[in-house]
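With our numbering applied, the sequence shown corresponds to residues 4 to 87, in that order.
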Amino acid sequence: MDFNITAQEEALLLRIREHLHAGSTPREDDLAAELGDEVRGQVRSLGTRGWLVVRPAPDGTVYVEGLSSLAESALSNRRDVGDQ
């Protein structure tokens, strides 16, 4: 797992975690509509690097099934991030 992420990627992970805790499995398209098209590459990159569990959707996009356990642990140690 690549532990180096940007501040933008960390903010995206926190937003995805909010979606997951609310009971939704966010699709790449939904996140792009909400946050901008640049998140498409970030979602796929975070999945490849082991931060996200992503699955392909029938239309060729992906949806986020969950955060990896290591990502959850890393984010839980950063509770102050995104609380402002």
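For each residue, glycine too, the CB sits at the ideal point set by N, CA and C.
Proximity to residue i [Cα-Cα], best of the options
i: residue 34; options: 26, 18 and 25; result: 18
i: residue 23; options: 41, 40, 55 and 45; result: 55
i: residue 63; options: 47, 78, 15 and 12; result: 47
i: residue 38; options: 72, 16 and 80; result: 16
Where the alpha helix (DSSP H) containing residue i begins and where it ends
i: residue 43; result: 42 to 51
i: residue 19; result: 10 to 24
i: residue 76; result: 72 to 79
Beta carbon of residue i nearer than 8 Å to that of residue j
i: residue 31; j: residue 43; result: yes
i: residue 68; j: residue 57; result: yes
i: residue 53; j: residue 65; result: no
One or two residues paired with residue i in a DSSP bridge
i: residue 63; result: Residue 63 pairs with nothing; no bridge assigned.
i: residue 39; result: None, per the DSSP bridge assignment.
CA-to-CA distance, residue j to residue i, given in whole angstroms
i: residue 88; j: residue 70; result: Not covered by the structure: residue 88. The range shown for the chain is 4 to 87.
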